[in-house]
Amino acid sequence: MFSILSGGTNLAKQVKVLETSTRDHENALKRKRDAITSLEPISTPEACTVLRRQLRISVTGEPADDPIFPITHFKAALPAFLLPNFETLGIESPTPIQMQAMAVMLRKFDLFACAPTGSGKTLAFALPILASLKRHKEDGYRAVVLSPTRELATQIHEQFKQLTPKTGIKCNLLTKSNATIQGTKEPGLARHYDILITTPQRLVNAIKEDKIDLSKVRQLVLDEADRLFEENFVEQTDEILAACTSSKLRKALFSATLPSGVEQLAKSVMSRPIRVIVGKKDTATDLIEQQLKYVGTEQGKLMECRSLAKSGALKPPVLIFVQSIDRAKQLYEELDQEGLNVDVIHSDRPQVQRDGVITNFREGRTWILIATELLSRGIDFEGVELVINYDFPQSVQSYIHRIGRTGRAGHRGKAITFFAKEDGPFLKSVASVIRASGGEVPDWMLDLKKPSKKEKKALRKKPVERKNISTTSRYEKEKEAHKKQMIRQSLVAKNRKEKEVQSA
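For any residue, its number in the working numbering is found by taking its place in the sequence shown, counting from 1, and adding 205.
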């Protein structure tokens, strides 16, 4: 029983409203700006140490007698041919992860990079790749970027497209929809591209069909690397690594979370990697105000959502995460019936629909978007005000990536996580993340028993079983639907009668 885990105290009394307060902007979240605008170039080991301490950059594995100094100004590190395109982005100075990761990649070391969500990791690997390629060659792919989802791959491709006009460097996005066309229309098409961006399965299929040659690849980037070394991706990742046969291959792994088991597995395929951590490993950015809210039951979740909507707390754009496709559909039906401007995205929807949903949300035509884990990784939605974990996340990593859709690029955000009695055994893990990122949680949560490795693994594989999302009985729903149908039929009959009278 959860009341026993919480020390025997009445749970409802302890958790009526468990939220981190919106403390004073200057002191509360102990925020440090990611973008540093007035730094001098680093030229000594002492200055390097001071800067890393200031920006909470941890580096291990670098040569003891030759430290890799962070890059404090883009113009000092980027070749002239990249500057015109880069300046159109309007970015003045690098973030901590960009400072150190770019420096490591430009020195041609393998890299582990872990930094909070929204800290600019895509640019941290895109710029070094382009700087090292220098120009277009008809040699085939020289750089590959892997991501776990098509949506994230598309976003990365867009970032490269912004940086490559008039450089001659060509970037290809390989997806399910264009893979067949590319393979049959022009088998040698890869020669015309320098960079390939895709998902693991799509690339493995192309390799097996001899449509793509990776022997010239010198840079391989794994974005959301912890996902790419999980059970459902690791075999595909291994096949891709085996196909990259160049002796000059360098690998870079980026993520906001890096579990120890995944890190050990990844190290086995890397050569003397340098490890760069910004902030604390597996923590959220302190730009996000995090709340834990006890809702009691499944009905309590829906009632809380409705309460937030009525109070005006659902300030758009809002992302709501659930644990399954069925629950995404159910919640959509409930909120749509409330008249809210809401849509839903999940892997059951065709890709063209998913693309349309993302576009509508980005452009403000959709205010509330319900999503599964499909959107929890890497996708950058500008200005997301609020993330709601309707269903408690299945791991610390899932929690960090979900709430990381807000609080991006130096902007503040808010995340509310609902929890019920059945989520009790896993509450401590999330509470610890909140405390580590500067938030406030009750001490009793941190005193809860830590879930075992076996329990964590079981939860990752199969989420907590939950009742269907609804506060209305099936009978009442059918009754309401019948009532609406009768009203529609009555209106149709009335309109028909009016037309008959007019025609007479």
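Idealized CB from N, CA, C, for every residue including glycine.
Use the C-beta contact count for residue i: other C-beta atoms within 10 angstroms, 16 or more gives buried, fewer gives exposed.
i: K619; result: buried
i: T488; result: buried
i: H397; result: exposed
i: A576; result: buried
i: S473; result: exposed
i: Q259; result: exposed
i: A285; result: exposed
i: L357; result: buried
i: Q690; result: exposed
i: S657; result: exposed
i: K702; result: exposed
i: D229; result: For D229, the predicted model reports a pLDDT of 37, less than 50, meaning its position is unreliable and no value from the coordinates is stated.
i: L287; result: buried
i: N673; result: exposed
i: H687; result: exposed
i: I276; result: buried
i: T404; result: buried
i: I692; result: exposed
i: E267; result: buried
Look up residue i in the DSSP assignment and say whether it is helix, strand or coil.
i: V467; result: helix
i: E494; result: strand
i: S529; result: coil
i: I621; result: strand
i: R258; result: helix
i: S263; result: strand
i: P351; result: According to the sequence provided, residue 351 is Leu. The question's Pro does not apply to it. In the structure shown, L351 sits in a strand (DSSP, three-state: E or B).
i: V474; result: coil
i: I166; result: The question about residue 166 has no answer here: the residues shown for the chain are numbered 206 through 709.
i: G484; result: coil
i: K235; result: Residue confidence is low: K235 scores 39 on pLDDT, short of 50, so the model does not pin down where it sits. Its coordinate-derived value is still stated next. Correct three-state label for K235: coil.
i: D648; result: helix
i: A663; result: helix
For residue i and residue j, I'd like the C-alpha separation in whole angstroms.
i: K699; j: L545; result: 30 Å
i: R261; j: C253; result: 12 Å
i: D553; j: K280; result: 45 Å
i: P299; j: R610; result: 20 Å
i: Y346; j: D418; result: 8 Å
i: D531; j: V309; result: 44 Å
i: I608; j: R559; result: 21 Å
i: G466; j: F434; result: 9 Å
i: A269; j: K453; result: 23 Å
i: P464; j: S600; result: 11 Å
i: S420; j: L401; result: 13 Å
i: R567; j: T249; result: 44 Å
i: K456; j: V481; result: 14 Å
i: F291; j: L328; result: 10 Å
i: M475; j: A411; result: 24 Å
Runs of beta strand (DSSP E) lying entirely within the segment 281-328, each at least 3 residues, in chain order:
If you keep only unbroken beta strand (DSSP E) runs of at least 3 residues inside the segment 281-328, you get 316-319.
Requested in this report: Mind the definition here: the segment 624-638 touches the segment 510-526 only if three or more C-beta pairs lie below 8 Å; say whether that holds.
Outcome: Output reads no: the segment 510-526 does not touch the segment 624-638.
**Message:** Within 8 Å, do at least three Cβ pairs link the segment 353-367 to the segment 535-542?
**Reply:** Contact check between the segment 535-542 and the segment 353-367: fewer than three CB pairs, one atom from each, fall below 8 Å, which does not count as touching.
### Query
Taking one C-beta from the segment 421-431 and one from the segment 333-345 each time, how about it: are there three or more such pairs within less than 8 Å?
Touching, yes.
_Runs of 4 residues minimum, wholly inside the segment 622-646: which ones carry the alpha helix (DSSP H) assignment?_
Entirely contained in the segment 622-646, the alpha helix (DSSP H) runs reaching 4 residues are, in chain order, 632-641.
message: Quick check: the segment 565-572 against the segment 500-512, are at least 3 beta-carbon pairs closer than 8 Å?
response: Fewer than three Cβ pairs drawn from the segment 500-512 and the segment 565-572 lie within less than 8 Å of each other, which leaves the two stretches out of contact.
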